[in-house]
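Q: Each residue of the sequence shown is one higher than the one before, counting from 2 in our numbering.
My structure is below; once you've seen it, I'll send some questions.
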Amino acid sequence: MRKKWYLKLMRYSFPERKKRALETYTMEMETLEKMSARELNFEYVHAKAAYEQQKNRMGIFGITLTMSVIMGVWKELFSVIAEGLYNWGMYQSREVELILFLVTFGVLVMTVLIGILLYKSMKKARNLYKRVLMLEEAQMRKR
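The following block contains the structure:
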C-alpha cells in the first residue's frame, strides 16, 4: 500500500517527468526517422505554419491585453467595485450586495480566464516549437 502511494507521488517528481519526456522524445524521433524525406518536409511545413500562427495569436492577445490596460478598462471595473463597496457601507441593502458580488465575481472570473488562456496558448506554442526543432533534427539526420 505504501509503495503504491510512493509511486503515485513520484510520478510528479522532476526525474520521473524527465524520464517520461525522454521516452516520448525517443519514440517520436523513431517515428520521424521512419518517414520519407517528402513526408518529413510536409510535417515540417505544417508544424512551422502552426507555430507561426500560434505566435501571431499570442501577439494579438498580448496587444489586446496591453491596450485594455492602457485604456483603463480594469480601472473602470475596479471603480465600479469601489463604488459598490461605498454604497454597501451606506445602505447595506441586499440589491447592492448582490450587484457588488456579481461585479467582483465577474472581474475575478475574467482575470482567471485570461490567465488560463494565456497559459494554454504559451504551452501550445512551446509544444509546437519543440515539434519544429525535432523535425529539423530529423531532416538533418536524413541528409
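For every residue, glycine included, the Cβ atom is placed at its ideal position computed from N, Cα and C.
1. With three or more C-beta pairs closer than 8 Å as the rule, is the segment 20-36 touching the segment 121-135?
2. Once you ignore the five residues that flank LEU129 on each side, which residues in its own chain have a CB closer than 7 Å to its CB?
3. By how many angstroms is the C-alpha of LEU86 removed from the C-alpha of LEU101?
4. Out of curiosity, what's the CA-to-CA distance linking MET59 and MET111?
5. Consult DSSP for ARG95 and reduce its assignment to one of helix, strand or coil.
6. Provide the residue span of the alpha helix (DSSP H) that contains MET28, from first to last.
7. By Cβ distance below 7 Å, which residues in the same chain neighbour MET141 in space, the five residues on each side in sequence not counted?
8. In angstroms with no decimal places, state the Cα-to-Cα distance between TYR13 and LYS143.
A: By the coordinates alone:
1. Judged by pairs of C-beta atoms under 8 Å, the segment 121-135 touches the segment 20-36, as three or more such pairs exist.
2. Cβ within range, chain order: ALA48, ALA51, TYR52 and GLN55.
3. LEU101 and LEU86 have their C-alpha atoms spaced approximately 7 Å apart.
4. Distance between the alpha carbons of MET59 and MET111 is about 17 Å.
5. Three-state result, ARG95: helix.
6. MET28 -> alpha helix (DSSP H) spans 15-35.
7. Nothing listed; no residue qualifies.
8. C-alpha separation (whole angstroms): 35 Å.
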